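S.K.:
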Amino acid sequence: MRRIRGALGALGAVAALSAGLTVTAPAAAGEPTRVDDEVTFAYLEAADGDRGLDISLARSATAGTEARARLWGGPEGEHLAQGSGTSEWTGSTFRATVELVVDDGAPGGTVTVAGTYTLAGDPQQDVQKFNDGNVRVHMEHTTTALAIDDVTVALDGVPWELQFADGYHELGELFVTNPATYVGHEEFVAFGEPKAENATDFFVEGTLDDLGVTFAYADAPIHAAGAIDLTGGSWTGTLRMMDESGETVGEATGTATLTPNGRPTRLVDDTHGGFERWTVTPYLLTLTVEGPIAPVRVTVEVADVRYALHTSPLGG
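When we follow my numbering, the leftmost residue of the sequence shown carries the number 73, and every step to the right adds one.
(1) Among W232, G177, S164 and P195, which has the Cα closest to the Cα of A214?
(2) By DSSP's criteria, E362 is part of a beta bridge. Which residues make up the other side?
(3) Less than 8 Å between the C-beta atoms of P310 and E323, yes or no?
(4) Using the beta-carbon count (16 or more within 10 Å), is N250 buried or exposed?
(5) Which whole runs of the alpha helix (DSSP H) in the region 156-191 are 4 residues long or more, in chain order?
(6) In the DSSP assignment, the beta strand (DSSP E) including E138 goes from what residue to what residue?
(7) With a threshold of 16 other CB atoms inside 10 Å of the CB of T253, please say whether the residue is buried or exposed.
(8) Between the alpha carbons of V368 and N270, how many angstroms are there, rounded?
(9) List the residues that DSSP assigns as beta-bridge partners of Q197.
(10) DSSP three-state call for I300: helix, strand or coil?
(11) In the DSSP assignment, find the unbroken beta strand (DSSP E) run with P231 in it and report its ends.
(12) Buried or exposed for D376, going by 16 or more other Cβ atoms inside 10 Å?
(13) Following the continuous beta strand (DSSP E) through I294, name the residue where it begins and the one where it ends.
(14) If we ignore side chains and look at the alpha-carbon of each, how far apart do E348 and A135 end up?
(15) Do you know offhand how far R394's Cα is from T353's?
(16) Kindly indicate which three-state DSSP category L125 falls into: helix, strand or coil?
(17) Go ahead and pull the three-state DSSP assignment for Y115.
(18) Using only alpha-carbon positions, find the residue among D341, A366 and Y355 that is nearest to E373.
(19) Pick out whichever of P231, F260, A296 and G180 has its Cα sitting closest to the Cα of A153.
(20) Kindly indicate which residue of R123, T358, N206 and T216 has the alpha-carbon position closest to the one of S306.
(21) How would you call T308, buried or exposed, if buried means at least 16 neighbouring beta carbons within 10 angstroms?
(22) Can you tell me the Cα-Cα spacing of L191 and I220, whole angstroms?
(23) Rank V248, L116 and G244 by C-alpha distance to the C-alpha of T216 and give the top, closest one.
(24) Provide the residue span of the beta strand (DSSP E) that contains E265, from first to last.
(25) Judging by CA-CA distance, which residue of Y189, D198 and V199 is the nearest neighbour of D222?
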C-alpha cells in the first residue's frame, strides 16, 4: 500500500444503487440524480524500530471525515492493533486522534497525527459516460496531488519517524437519469464441462464477438490467454503464452470453430405490463492451439445467452 490513489467510491456506489433502483421505478420519470462531492485524502507511514503505523485521513463534503490507523510490528510485520475515528481539516491543515484496539478488545494505544497540505501538480480529469440500459450515467473526477509537510505522528505521546506521505484532492460529479421504466439487455456465453487434451483450468468469458479464453498447458508451466471473435463461426489467430509470473514468453497460433448444437430456447416472463425475455442458443466449440511442446485441443458445449428486461411503469 505504497501509493494510494482512488476515485470517489461514494459516487460509484450511488451510481450502482441508482441503476438498481430503476428496476422498480415510479409511473413517471423522476428527476435525474445529481451528486457533487469534494474529497481530500492523506496517507502516512511512520516507524519506531521494528514497529510501523499506517494512517489514513479523509474528508468528504457528503460523507464527513474519518481517520484510520493500523499498528504492526516484528520481523514478519504482524498486525498488532487498529482503530478508527474522525479527523479535523482546515484549508491547509489536518489532524486526528485515533484510539487503537487489539483483537481481544484491549486498548492498544493512542495515535495522534497532524500536518499541513497544499495542492501540487496539474489537475487530472477522468470522465466516464455510459448507459445501463436506458439509464444514462455521467461521472467526472478531477484529481490533484497533495504536497504534505510538517507531519507529526505519535503513539501514546512518543514521537515516531515519518517514512512516507502522500495524498490527493478530488472533485467529483455524478449524473444519473431516472426513467419511468427500465429497458436493458445483456449478452454472455455460458459453457459446460470441457473435454481437453493437454490443457487444464480451461475458462471462457465474454460474448461471441469478444470471447476471452484462458487455459494452462498440461505439459509445461505455461498458460495461454487471449480474445477470439466467433461471430463468423470460426477464428484463426494467436493467444499470448505466459509463464508462472505472468510475463509474456511468446505467442501460440490457434483455430476455433463454432458449430450449432441444437435449437435456440426462448423464455418469456410477462409481469404487470413488463417482461423478461431469454434466448439461449447452444453451440459446440472446438479450439486447437499450438503449444511449447504439444498442442492443445478443447471441445466444449457453449451457449450464447441473450437477456432483455423491460419493467412496467407500475413497478412490476
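From the three backbone atoms N, C-alpha and C, an ideal C-beta is built for every residue, glycine too.
On a predicted model such as this, the values are computed, not experimentally measured, just so you know.
M.R.: In terms of the structure at hand:
(1) The residue asked about is misnamed: residue 214 is Thr in this sequence, not Ala. Nearest C-alpha to T214: P195.
(2) According to DSSP, which records beta bridges pairwise, E362 is partnered with nothing at all.
(3) Before going on, a small fix: residue 310 reads as Thr here, not Pro. With a cutoff of 8 Å on beta-carbon distance, T310 and E323 are scored as near each other.
(4) Buried, because 16 or more other Cβ atoms sit within 10 Å of the Cβ of N250.
(5) Listed in chain order, the alpha helix (DSSP H) runs fully inside the region 156-191 amount to none, counting runs of at least 4 residues.
(6) For E138, the uninterrupted beta strand (DSSP E) segment begins and ends at G136 to G145.
(7) The residue in question, T253, is buried, as its Cβ has 16 or more Cβ neighbours within 10 Å.
(8) Going by the C-alpha atoms only, they are around 5 Å apart.
(9) DSSP output for Q197 lists T214 as bridge partner(s).
(10) It is a strand residue.
(11) Following the DSSP letters along the chain, one finds P231 inside the beta strand (DSSP E) bounded by residues V230 to N250.
(12) With 16 or more other Cβ atoms within 10 Å, it is buried.
(13) Run containing I294: none; DSSP gives neither H nor E here.
(14) For E348 and A135, the distance between alpha carbons rounds to 37 Å.
(15) This structure cannot settle anything about residue 394, because the visible part of the chain is limited to 73 through 388.
(16) Strand, per DSSP.
(17) Here Y115 sits in strand by DSSP.
(18) Comparing alpha-carbon positions, the option among D341, A366 and Y355 lying closest to E373 turns out to be Y355.
(19) Check the Cα spacing between A153 and each of P231, F260, A296 and G180: the tightest is with G180.
(20) Of the candidates R123, T358, N206 and T216, T358 places its Cα closest to the Cα of S306.
(21) Residue environment: T308 is assigned as exposed (fewer than 16 neighbouring CB atoms within 10 Å of its CB, all protein chains considered).
(22) Cα to Cα, the separation comes out at about 9 Å.
(23) Ranked by how close their Cα comes to the Cα of T216, the residues V248, L116 and G244 have G244 in first place.
(24) Counting along the chain, E265 falls outside any beta strand (DSSP E), and DSSP gives it neither H nor E.
(25) Answer by Cα proximity: Y189.
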